[in-house]
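In the numbering used here, the protein residues as written are 283 to 789. For every residue, glycine included, the Cβ atom is placed at its ideal position computed from N, Cα and C. Owing to the predicted nature of the structure, the values given are computational and were not obtained by experimental measurement.
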Ligand code: NG6
Ligand code: CA
């Protein structure tokens with residue numbers, strides 16, 4: 283953007299740098315913003331939360347440099363609804379189509395919606411999304427042109443640059459998509475993707491266990507075979523474009539570092555969503571065996587390495603001081619999520635869920651209470667905050683930070699909690715809503731989980747899902763492990779939280 287500055291004596295000077303670059307240099311309140319969004323990393327999976335069982339020096343250094351939160355929550359206990367809510371500021375449960383997405387889902391966030399990235403872009407920031415996407419691409423399920431420009435795509439929802447995995451590591455297509463085109467695709471070997479029908483002649487995990495030389499499923503994941511690992515969904519062709527699982531962290535981290543390098547002179551917003559530690563966990567050989575905990579622990583070390591690379595890049599370009607980093611996870615932890623990777627056998631004393639009950643998929647606390655760090659050396663003090671915080675508020679808080687008014691109707695559920703985010707207000711929200719099999723609401727002291735007909739326990743993932751046909755009420759102050767259901771003893775508290783939730787639902 284060129285800006286004409288009027289000088290005295292009628293002279294005009296053409297200033298070739300963007301207005302915001304200048305603004306940033308003068309005004310330290312306009313920082314770069316990076317959201318490092320881990321996948322399935324639990325509250326207890328990182329060293330800074332007191333876990334002595336795993337060594338995460340880079341993440342711990344980041345936590346030491348800023349504010350560590352003890353009561354911060356992803357919006358949901360699985361990926362798609364959490365990510366949808368984070369980027370749009372709307373609770374995913376307001377929409378029916380925000381459950382765990384297939385790899386050929388259409389764009390769940392529609393171009394006409396205003397995302398967090400739009401807010402940054404409209405304010406002169408360079409914006410990028412790198413890593414796991416899992417929010418659909420193209421218009422409708424199965425209609426994408428995987429061999430051409432995939433539209434609509436991330437540029438339609440605020441991201442200037444994108445280098446993404448369409449869904450998850452365990453879902454086809456197993457390729458990177460850069461600026462809406464599959465990377466390294468040979469036009470003579472077009473790619474086909476389906477979540478309905480298998481492709482004749484293509485071997486499937488369920489029929490060819492002998493081809494599963496890298497990982498075998500423990501449940502599900504018995505369709506397309508890519509790199510000796512069977513996945514969810516069917517695909518054919520595109521051989522040259524297939525990612526190498528061992529190199530995913532390297533590939534996306536390299537792109538994140540490049541993005542920082544390319545945009546070092548202007549304010550940028552980077553959504554860096556790691557593949558670690560989601561299944562299939564196939565870390566690079568340099569991490570294999572290093573945690574003593576098998577692939578899951580090694581993937582945590584790989585995540586830590588990625589964080590270290592980002593921090594190093596900021597240091598190198600002199601951006602550490604004025605870059606705000608939010609590090610968190612999309613949902614709580616799971617140990618066996620569908621592959622025989624020895625995560626269960628080698629877990630030892632490690633407690634991915636920390637002191638909380640449940641895990642990924644669960645209405646109990648470990649479903650959404652996730653690691654959360656905010657580092658911004660120029661503004662955020664070092665310390666610990668017990669503020670009640672939800673990812674739903676990151677949208678409005680960051681908009682406030684960069685001085686951008688959120689237009690009416692945009693991010694309807696997101697509230698300005700900037701002071702909590704920056705560690706100044708140690709109280710945070712009055713209440714948060716957590717989404718898993720059913721909705722739960724917590725005012726920090728009390729938590730109410732709405733009755734649900736869902737299973738109480740998943741034997742596949744060995745998770746207590748938190749579902750119960752009866753209302754559940756826990757006192758988190760005295761019973762952090764949610765062991766004693768006090769609903770019968772405190773009916774008025776149940777009624778109060780239930781009414782609050784109903785009011786939110788009717789909005
Ligand atoms: C489940 C998958 C699990 C994981 C999850 C989504 C099976 C048996 N399990 O359906 O492996 O992919 O979906 O995880 O297929 S998330 O973190 O992206 O929400
Ligand atoms: Ca996840």
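What is the C-beta distance between residue 319 and residue 636, in whole angstroms, given that I count them as a contact (C-beta under 8 Å)?
About 19 Å; that fails the 8 Å criterion.
For residue 557, is the beta carbon positioned less than 6 Å from some heavy atom of ligand 2?
For ligand 2, not one heavy atom lies less than 6 Å from the Cβ of residue 557.
Which ranges would you report for the alpha helix (DSSP H) in the region 518-554 if only whole runs of at least 4 residues count?
Within the region 518-554, the complete alpha helix (DSSP H) runs of at least 4 residues are 530-544.
Straight-line CA distance for residue 411 to residue 607?
Answer to the nearest angstrom: the Cα atoms are 15 Å apart.
Does the structure place the region 547-566 close enough to the region 395-411 that three or more beta carbon pairs sit under 8 Å?
Yes, since at least three Cβ pairs between the region 395-411 and the region 547-566 fall closer than 8 Å, the two stretches touch.
Among 691, 367, 663, which residue has its Cα nearest to the Cα of residue 707?
The shortest Cα separation from residue 707 among 691, 367, 663 belongs to 663.
Against chain C, does residue 500 count as a neighbour if the rule is that its beta carbon must be under 7 Å from one of theirs?
No chain C appears in this structure, which consists of one protein chain only.
Measuring CB atoms only, is the region 508-515 touching the region 576-590, in the sense that at least three cross pairs come out at less than 8 Å?
They do not touch, by the three-pair rule.
What's the gap between the Cα of residue 488 and the Cα of residue 646?
Those two C-alpha atoms are separated by around 33 Å.
So, with DSSP's three-state summary, where would you put residue 598?
In this structure, residue 598 counts as helix in the three-state DSSP scheme.
I'd like to confirm something about residue 360: is its beta-carbon nearer than 6 Å to some heavy atom of ligand 1, or not?
Yes, the Cβ of residue 360 comes within 6 Å of a heavy atom of ligand 1.
Quick one: Cα of residue 562 to Cα of residue 691, how far?
One C-alpha to the other measures close to 39 Å.
Short check: CB of residue 345 to CB of residue 385, under 7 Å?
Not in contact: residue 345 and residue 385 (Cβ atoms no closer than 7 Å).
Grouping DSSP H, G and I as helix and E and B as strand, with all else coil, what is residue 784?
Helix, per DSSP.
Put residue 402 into one of helix, strand or coil per three-state DSSP.
In this structure, residue 402 counts as helix in the three-state DSSP scheme.
With a threshold of 16 other CB atoms inside 10 Å of the CB of residue 754, please say whether the residue is buried or exposed.
With 16 or more other Cβ atoms within 10 Å, it is buried.
When the Cα of residue 352 is compared with those of 363, 328, 372, 364, which residue comes out closest?
Among 363, 328, 372, 364, the Cα nearest to that of residue 352 belongs to 328.
Could you say which of 687, 354, 359, 315 lies nearest to residue 642 if we only look at CA atoms?
For residue 642, the nearest C-alpha among the options comes from 359.
Considering just the uninterrupted stretch of the beta strand (DSSP E) at residue 667, what are its terminal residues?
Residue 667 -> beta strand (DSSP E) spans 665-667.
Which two residues bound the contiguous alpha helix (DSSP H) that contains residue 351?
Where residue 351 is concerned, there is no enclosing alpha helix (DSSP H), although the beta strand (DSSP E) it sits in stretches over 349-351.
Is residue 458 helix, strand or coil when you go by DSSP?
In the structure shown, residue 458 sits in a strand (DSSP, three-state: E or B).
By a C-beta neighbour count over all protein chains shown, 10 Å radius and 16 as the cutoff for buried, is residue 350 buried or exposed?
Buried, by the Cβ-count rule.
Does the region 388-401 come close enough to the region 523-540 to have 3 or more Cβ pairs within less than 8 Å?
Contact between the region 388-401 and the region 523-540 is absent, because fewer than three Cβ pairs lie under 8 Å.
Please give the ranges of any beta strand (DSSP E) in the region 689-755, keeping only runs that are unbroken, at least 3 residues long and fully inside the region.
Listed in chain order, the complete beta strand (DSSP E) runs (minimum 3 residues) inside the region 689-755 are 714-717, 721-724, 728-731.
Note the first and the last residue of the continuous alpha helix (DSSP H) segment covering residue 366.
Here the alpha helix (DSSP H) through residue 366 covers 361-370.
Anyone know if the C-beta pair for residue 354 and residue 366 falls short of 7 Å?
Not closer than 7 Å, so no.
Return the first residue and the last residue of the beta strand (DSSP E) that residue 676 is part of.
Taken as a continuous stretch (DSSP letters only), residue 676 belongs to no beta strand (DSSP E), being part of the alpha helix (DSSP H) at 676-683.
Taking the straight line between their C-alpha atoms, what separation do you get for residue 453 and residue 524?
Cα to Cα, the separation comes out at about 12 Å.
Pairing CB atoms from the region 765-780 with CB atoms from the region 663-679, are three or more of them under 8 Å?
Short answer: they don't touch.
Which ranges would you report for the alpha helix (DSSP H) in the region 592-643 if only whole runs of at least 4 residues count?
Listed in chain order, nothing qualifies, since the region 592-643 has no complete alpha helix (DSSP H) run of 4 or more residues.
Quick check on the DSSP output: the beta strand (DSSP E) that includes residue 227 runs from which residue to which?
In the structure as shown, the chain begins at 283 and stops at 789. Residue 227 is therefore absent and cannot be evaluated.
Please report the residue range of the beta strand (DSSP E) in which residue 444 lies.
From DSSP, the beta strand (DSSP E) with residue 444 extends over 443-447.
Examine ligand 2 and report whether any of its heavy atoms sits within less than 6 Å of the Cβ of residue 327.
Every heavy atom of ligand 2 is 6 Å or more from the Cβ of residue 327, so no.
Note down the Cα distance separating residue 694 from residue 420, rounded to an integer number of angstroms.
Each residue's Cα considered, the two are about 25 Å apart.
Between residue 697 and residue 677, what straight-line distance do the alpha-carbon atoms span, to the nearest angstrom?
Their Cα atoms are separated by approximately 8 Å.
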